[in-house]
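What follows is a single structure, written as structure tokens, with notes after it.
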Amino acid sequence: MAITLTQAAADHIRNFLAKRGKGLGIRLGVKTSGCSGMAYKLEFVDVASDDDITFASHDVSVFTDAKSLAYLDGTELDFAKEGLNEGFKFNNPNIKNECGCGESFNV
């Protein structure tokens with residue numbers, strides 16, 4: 017069981033944490049939302065919780081909870097720049113289908 021980052025995602029997160037001046041890593045989770053049922057939530061972690069599951073990828077800590085890990089196991093988080101757009105891209109092998117706008121998914 018694991019969540020990983022590409023080098024590009026790790027570099028982006030590391031740079032952002034340095035600009036913030038604090039933070040242990042990022043928290044990746046899921047929430048009920050959108051037209052397909054689930055949506056990703058991504059936030060910076062300043063204090064770890066006792067029930068966190070932590071993975072290290074390219075020297076960046078990725079935090080999640082057990083409930084979210086059931087939906088995220090095997091996910092690779094990438095950071096991509098495409099033309100004028102840039103952002104995180106979730107490569108999740110558990111997805112059965114996504115909504116048309118790409119904001120939500122179900123497994």
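Heads up, the sequence shown is in the working numbering, so the first residue is 17 and it goes up one at a time.
Heads up, the beta-carbon is just placed ideally off N, CA and C, and yes, glycines get one too.
Can you tell which of Leu88, Val76, Phe95 and Lys112 has the C-alpha that lies nearest to the C-alpha of Met17?
The sequence position of residue 17 within the sequence shown is 1, counting from 1. Ranking Leu88, Val76, Phe95 and Lys112 by CA distance to the CA of Met17 puts Leu88 first.
**Request:** With Ser84 as the anchor, note down where its alpha helix (DSSP H) starts and where it stops.
**Result:** Taking the first residue of the sequence shown as 1, we reach residue 84 at position 68. Under the DSSP assignment, Ser84 falls in the alpha helix (DSSP H) whose first and last residues are Ala82 to Leu88.
- Identify whether Asp94 lies in helix, strand or coil by the three-state DSSP scheme. Taking the sequence shown and counting its residues from 1, the one referred to as residue 94 is at position 78. Note: Asp94 maps to strand in three-state DSSP.
- Which one of Val61, Val63 and Val46 has the shortest CA to CA distance from Ala55? Mapped onto the sequence shown, residue 55 falls at position 39. Looking only at Val61, Val63 and Val46, the smallest Cα-Cα distance to Ala55 is reached by Val46.
Using the rule of at least 16 other Cβ atoms within 10 Å of the residue's Cβ for burial, across every protein chain shown, is Arg43 buried or exposed?
Mapped onto the sequence shown, residue 43 falls at position 27. The residue is buried, with at least 16 neighbouring Cβ atoms inside 10 Å.
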